[in-house]
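Protein sequence lines, in the order shown, are assigned to chains S and P.
Position 318 of the first sequence, counting from 1, maps to 318 under the working numbering, and the rest follow consecutively.
Heads up: take any position in the second sequence, counting from 1, add 1000, and you land on the working numbering.
Reviewing the structure listed below.
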Amino acid sequence: MKLFEYEAKSILAKYGIPTPQGGLATNVSQAHEVAAKLKPPFAVKAQVLVAGRGKAGGILFVNSIADAEEATEKLLNMHIKDIQVRSVWIEERLNIRKELYFGITTDRLNQSYLAIASAVGGMEIEEIATQTPRKIIKLLINPQHGFHTFHAREIARKMGYTGNQLSELGRIFEGLYHVGMDYDAELIEMNPIVEITNGKFAAADARIIIDDNALFRHPEYRKRLLEGEGGLTQQEIEAMENDLAYVKLDGDIGVIGNGAGLVMATLDTIQYYKGKPANFLDIGGGAPAEKIATALKIVLSDPKVKALLINVLGGITRCDEVARGILEAREKIGVAKPMVIRLVGTNEEEGKRILSEAGVHVLERMEEAAQRVVEISKHGGK
Amino acid sequence: MGIIIDKNTRAIVQGITGAQGSFHTKLMQEYGTKIVAGTSPGKGGGQIHGVPVYDTVEEAQKKHSANASIIFVPAPFASDAALEALENGIKTVVIITEHIPIKDAISVMAYAKELDVTIIGPNTPGIITPGENKLGIMPAHIFKPGSIGMVSRSGTLTYEIAASLSAKDLGQSTCLGLGGDPITGLNFIDSLKLFENDPQTKAVVLIGEIGGNLEELAADYIAKEKYLKPVVAFIAGRSAPPGKRMGHAGAIIIGKAGTAETKIERFRDANVKVAEKPSDVAELLSKLL
């Protein structure tokens, strides 16, 4: 779960990490109130959960309260990468001497957390890594002993700092590590963390992504996610509540299958035959009929879907349950779109019998099914 | 032969009284796996499919000295179960549970490293040596004994490819699911090493997917170490968009990192054949053997 910049910054502030003074506004009069309490000039920043906000014009710099109001209005009327801006964060603009990067991510090979720092910041870390690989400082965090003050100081030293600045920057890095651990962050970064002209530091932007699997330890965020405030669509929320994995794509072939790898491979095969998948939907293992019906409802709520491919390889999922779910959905929500079904594995015969008695044809090979559904999406089906 | 599990494997099932734990205990027994005990805190004393149930692993170990464990405990309690297995001398731990937090997985892996324990998973279908035994939830009838080693990050995709191999009489030595999470125990390189040393294995099928860089590192390992056995790879997620988690917690492209293209390219650079579609794996293998 991604947190908004303003949320991330308020958490950082609680841990003693300096952040610019600021406030949140969802309309122009709030913008006035917020700006009136701050010292100009201001940065007015659209609160959206997509990367590349700056490049898309989502950050405006202004000199007066009136201009802050105008900037707020402009941003609130904007879409950034198809996401409507619903709030802005107005903060005091910093006098930046230097932009730096510090973040903590996971290292799959070493099965631990990895601290990454750079004396160049402000752009995506991959970009920094490509453009100035020598400036990247990496420290693998010992999973049993954690990240300590001396680690933080060493990173600050490698970034070129000495004296009070070294200690201050180290304290900030250590603070960020504690935020990351306490909030179960799978990624936490200050990009940039800036050196101000007075020699102090502040987190000018902050990003926290909470590990979805740890949300049971953070019920307030889980609740917010399910209430639609985490940037999820209605379909994504419904999928999440029903323990289905759903990702909306922009094609016209709806896809449902069991198992993440198999569904991904199904999308790839559709693409191989020059079709365009409308979504990814994994029903998981052992799904009962009702869950299959919910999956169908979610996929078919996308008006772009012209045809549907259901690809199930039954292991713990039973083909007869899948067949019943398909018929149940057909009855309840009226599936008018053509469906191509591939069904093999546990209770395959029973599943096929149920479907063929209802006039639904079942295929055996995944490639054959993918080819067929692509054909239908392009030229119409029966 | 095969890797990691064999006839001497004596396993306990942690979470044996749950629906999944109990169901798969029966299937594993029927396949020939020695399940010597089960645990379920607060429910010790009875039996499930003839297997004695204990409250704790320590108690089970005193009477049965198992050397492996398979975990079906729900995610919030799964890392505790894994640590319990580790602390009680279990040397192979298969964690079936999905949705374990990264922080918990990291602490389990660190302790496993210290104690030199093999962890498979989390979020894995487990491991099967066809015709001998299995510690996992995979439908056994799909697999056939033979000489192909399989290692994968995905369950049903492994079944899909294993079924197409079995249909062409390309049986398997051992099939191993690494798990769909970002932090797992065994990785591709570990598995390649094990298969290289297994006399039964003549070739390896590696099934990867988007996210992380472990496929890339495996490709580099194959090239650098002049890996002795032929490898065929399949990578799922060519059509996956960046920034979206494709079902598995670990299947996500971040920025430009972890794409299928990069992985496929690295395998091709290492002279590893990469299948375009799942069914192509069997054909590519037949040509190499």
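Note that beta-carbon positions come from the ideal geometry of N, C-alpha and C, so glycine has one too.
Given the structure is predicted, the values throughout are model-derived calculations rather than measurements.
Secondary structure in the region 204 to 260 of chain S: the alpha helix (DSSP H) runs of 4 residues or longer, each lying completely within the stretch, are 219 to 226 and 234 to 241 in chain order. Judged by their CB atoms, M1246 of chain P and F280 of chain S are nearer to each other than the 8 Å cut-off. Among the residues of the region 196 to 222 of chain S, those with a Cβ less than 8 Å away from any Cβ of chain P are D211, D212, N213, A214, F216 and R217, in the order of the chain. In chain S, no part has a C-beta under 8 Å from the C-beta of T1017 of chain P; the shortest such distance is about 18 Å. The Cβ of Y15 of chain S sits no closer than 8 Å to any Cβ of chain P. Excluding sequence positions up to five before and after A1282 of chain P, its CB lies within less than 7 Å of the CB of S1164, L1165, K1168 and L1170, all in the same chain and listed in chain order. For D1280 of chain P, the uninterrupted alpha helix (DSSP H) segment begins and ends at D1280 to L1288.
Residue environment analysis places S118 of chain S among the buried positions, since at least 16 neighbouring C-beta atoms fall within 10 angstroms of its C-beta. Listed by position along chain P, the residues whose Cβ is nearer than 9 Å to that of E367 of chain S are K1277, P1278 and S1279.
When DSSP reads this structure, C1175 of chain P sits in a beta bridge with P:I1128 and P:M1150.
Within the region 295 to 323 of chain S, L313, G314, G315 and I316 place their CB atoms closer than 8 Å to a CB of chain P, listed in sequence order. Taking the CA atoms as reference points, F4 of chain S sits about 11 Å from A51 of chain S. Chain S has no Cβ within less than 8 Å of the Cβ of S1191 of chain P. For the region 1075 to 1118 of chain P, the full-length beta strand (DSSP E) segments reaching 3 residues or more read 1092 to 1095 along the chain. When the five nearest sequence neighbours on each side are left out, the beta carbons in the same chain lying within less than 6 Å of the beta carbon of S87 of chain S are those of L24, T26 and Q47, in order along the chain. Near chain S, meaning a CB-to-CB distance below 7 Å, no residue of the region 1119 to 1133 of chain P qualifies.
N63 of chain S is classed as exposed because its beta carbon has fewer than 16 other beta carbons within 10 Å across all chains shown.
DSSP assignment within the region 33 to 84 of chain S yields the following whole beta strand (DSSP E) runs of 3 residues or more, N-terminal first: 42 to 46 and 59 to 62.
Annotation: Cβ neighbours of N258 of chain S in chain P (cutoff 7 Å, chain order): T1156. H1099 of chain P counts as buried, since no fewer than 16 other beta carbons sit within 10 angstroms of its beta carbon. The C-alpha of K291 of chain S is placed about 32 Å away from the C-alpha of I1119 of chain P. DSSP places D107 of chain S in the strand class (E or B) of the three-state scheme. Scanning S:V312, S:I333 and S:H79 for the CA closest to the CA of A323 of chain S turns up S:V312.
T106, R108, L109, Q111, S112 and Y113: these are the residues of the region 94 to 115 of chain S whose beta carbon lies less than 8 Å from some beta carbon of chain P, given in chain order.
Per DSSP, the unbroken beta strand (DSSP E) holding N191 of chain S starts and ends at A185 to I196. Distance between E124 of chain S and P219 of chain S, taken at the CA atoms: about 30 Å. For a Cβ distance threshold of 7 Å, residue set N213 of chain S lies close to H1099 of chain P, ordered along the chain. The Cβ neighbour count for M1001 of chain P, taken over all protein chains shown within 10 Å, is under 16; the residue is labelled exposed. Fewer than three beta-carbon pairs drawn from the region 129 to 147 of chain S and the region 1125 to 1135 of chain P are found closer than 8 Å, and the two stretches are therefore not classed as touching. F150 of chain S counts as exposed, since fewer than 16 other beta carbons sit within 10 angstroms of its beta carbon.
A straight-line Cα-Cα distance of about 13 Å links A152 of chain S and G160 of chain S. One Cα belongs to H32 of chain S, the other to D82 of chain S, and the distance between them is close to 27 Å.
Exclusion of the five residues before and after T294 of chain S leaves N242 as the residues of its chain whose Cβ lies within less than 6 Å of its Cβ. Under a 10 Å Cβ-count criterion, H1024 of chain P is classified as buried, with 16 or more other Cβ atoms of the shown protein chains found around its own Cβ. Among the residues of the region 330 to 351 of chain S, those with a Cβ less than 7 Å away from any Cβ of chain P are G345 and T346, in the order of the chain.
For the pair V299 of chain S and A289 of chain S, the Cα-to-Cα distance works out to about 16 Å.
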